[in-house]
């Protein structure tokens, strides 16, 4: 028997040596699950972060401008005597609270922490603020002349427009994260489907949260 016949081809895969061809499926699944979890918990706003930060500043500036007659946003929130003289309506107060909480505080927290849940709440709160912004303008334009009080001010219009822009960008950020989540899940499932059958029994079942 020749020497070449005694030696096996180094490129030939021997029975039971599938690990030399296929990576460990458990390790591969853990990598994909970790990537999926990372996408699920974080956002990547990209250049939208600059736009959102600038619009947050605009919202804060709008509070310093007249919202209702001669009362600016900060005076309305504080319930000062100037605001009381302008007969502030409930929609105006709710709009300012939503703008302060979701348009300034929560939007900045979402940008700093990059947490998806904060971005989701920011998008929902800014969208709700748009509705109350419209009601605030309408309520100022339909005041009883006997009650007194001027119409909506430039600060109210500027704040409402800024909250509309914030809602749009936060919804786009949240939606982009949802698309990335679907892609990460599809990659994990595709990697599992390409494995040989003898490896499938080694895969731990996915948990209820999909990881």
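Residue numbers (our numbering): 2 to 212.
For each residue, glycine too, the CB sits at the ideal point set by N, CA and C.
Item	Value
Residue 134 by DSSP, collapsed to three states: which one?	helix
Spell out the partners DSSP gives residue 67 in its beta bridges.	73
Since residue 124 contacts residue 90 with CB under 8 Å, what's their CB separation in whole angstroms?	That pair is no contact at about 26 Å.
If you draw a straight line from the alpha carbon of residue 109 to that of residue 54, how long is it in whole angstroms?	7 Å
Name the two residues that bound the continuous alpha helix (DSSP H) containing residue 144.	It is not in any alpha helix (DSSP H) - residue 144 carries neither H nor E in the DSSP assignment.
If residue 50 sits next to residue 112, beta carbons under 8 Å apart, how far is it from one beta carbon to the other, in whole angstroms?	6 Å
Could you please give me the residues that DSSP links to residue 85 through a beta bridge?	Answer by DSSP bridge pairing: none, since residue 85 is not bridged.
Are the Cβ atoms of residue 151 and residue 74 separated by less than 8 Å?	no
Whose C-beta lies closer than 7 Å to the C-beta of residue 77 among residues of the same chain, with five residues either side of it excluded?	68, 69, 84, 89, 93, 94 and 97
Going by the beta-carbon positions, is the gap between residue 99 and residue 133 smaller than 8 Å?	yes
Using the beta-carbon count (16 or more within 10 Å), is residue 118 buried or exposed?	exposed
Give the range of the alpha helix (DSSP H) segment to which residue 96 is assigned.	91-99
Looking at the structure shown, is residue 116 part of a helix, part of a strand, or coil, going by DSSP?	strand
On the DSSP bridge list, what partners appear for residue 153?	69
Taking a contact to mean a Cβ-Cβ separation below 8 Å, would you say residue 114 touches residue 168 in this structure?	no
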